[in-house]
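Residue numbering for the sequence shown is 0 to 186, as defined by numbering that gives the first Met the number 0.
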Amino acid sequence: MRVIIGGIPGVGKTTVLDELVREGYRVENYGDVMLKEAISREYAKNRDELRKLPVEEQKEIQKIAAEKLSQFDDVIIDTHFSVSTKDGYLPGLPIPVLNVLHPDLLISMEADPLDIFERRKNDPMRNRDKDSLERIRAHLEANRSYGITYSAMTGSPLLVVMNENGKAKEASEKIASVVRQCNGGNL
Ligand code: ATP
Ligand code: AMP
Ligand code: MG
């Protein structure tokens with residue numbers, strides 16, 4: 000079973016999925032795979048440079064990353080349903096990517112916009128965009144809309160999981176419980 004989780008920067012995808020890694024689930028980070036490709040092509044040096052690359056370069060390495068990730072049949076993929084670029088929102092799962100990855104379940108991870116604003120501000124590990132609350136709200140809406148679109152395109156369900164402050168474990172438990180029910184939970 001292939002599960003794809005999308006959410007805007009700082010919503011807490013990696014934090015929540017780290018809980019599932021500890022429980023033995025295979026989790027792959029789409030950005031890790033893209034970064035490896037970008038470094039080998041000398042396009043970028045760190046993950047926060049990826050969304051600033053020319054869109055054509057982002058699309059090129061996005062497709063390669065999908066092909067690399069398609070080697071895993073039973074996996075949870077940590078990614079973005081839409082990437083905020085200087086040209087506007089770039090779909091994280093355009094048709095060529097969906098055709099390679101064939102997700103069985105899509106999950107939109109969401110949180111209160113103010114919590115996301117604070118999480119970004121207090122996370123020194125990353126060079127995240129300093130978006131206003133309004134922009135964070137707009138991106139959350141876009142993320143959900145892209146998720147609905149991917150669900151309609153693939154026929155796979157879209158689950159919304161809230162990652163409330165101090166409740167990353169609860170969010171991971173929700174994901175684990177749905178994955179167990181779906182498809183015999185083969186993950
Ligand atoms: P990106 O897309 O940029 O990789 P992300 O969605 O993976 O972002 P994380 O890096 O997991 O986000 O989390 C961002 C910050 O928010 C981290 O400092 C993390 O510790 C914090 N955080 C995540 N979940 C919660 C939570 N439930 N309560 C409080 N803080 C949280
Ligand atoms: P992350 O660590 O999840 O923020 O991933 C690092 C970067 O990889 C993101 O900020 C995006 O620029 C890029 N990325 C991740 N997933 C995708 C995707 N599906 N399509 C395009 N870019 C992506
Ligand atoms: Mg992350």
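For every residue, glycine included, the Cβ atom is placed at its ideal position computed from N, Cα and C.
The beta carbons of Asp17 and Val54 sit about 30 Å from each other, so the pair does not count as a contact at 8 Å. The Cβ atoms of Gly146 and Leu105 lie closer than 8 Å to each other. Ranked by Cα distance from Leu92, the first of Asp72, Glu163, Leu132, Gln61 is Gln61.
In terms of side-chain proximity, the C-beta atom of Gly6 is found nearer than 7 Å to a non-hydrogen atom of the ligand ATP. Residue pairing of Met161 in beta bridges, as defined by DSSP: Glu109.
Taking C-beta separations shorter than 8 Å and ignoring five residues to either side along the sequence, the partners of Arg127 in its chain run Pro8, Gly9, Asp47, Arg119, following chain order. Relative to the non-hydrogen atoms of the ligand ATP, the Cβ of Asn126 never comes closer than 7 Å to any of them. Note on geometry: alpha-carbon atoms of Glu66 and Ala167 lie some 30 Å from one another.
DSSP places Glu36 in the uninterrupted alpha helix (DSSP H) bounded by 29 to 39. Counting of Cβ neighbours within 10 angstroms places Gln57 among the buried residues, the total reaching 16 or more.
Using a Cβ distance threshold of 8 Å, Ile38 and Met108 do not count as a contacting pair. The ligand ATP has a heavy atom closer than 7 Å to the beta-carbon of Asp122.
Counting along the chain, Leu132 sits inside the alpha helix (DSSP H) bounded by residues 132 to 153. Under DSSP, Asp77 shares a beta bridge with Ile4, Asn28. With contacts defined as CB atoms closer than 8 Å, Asn142 and Ser81 qualify as a contacting pair.
At a cut-off of 7 Å, the beta-carbon of Ala167 counts as near the ligand ATP: some heavy atom of the ligand is closer than that.
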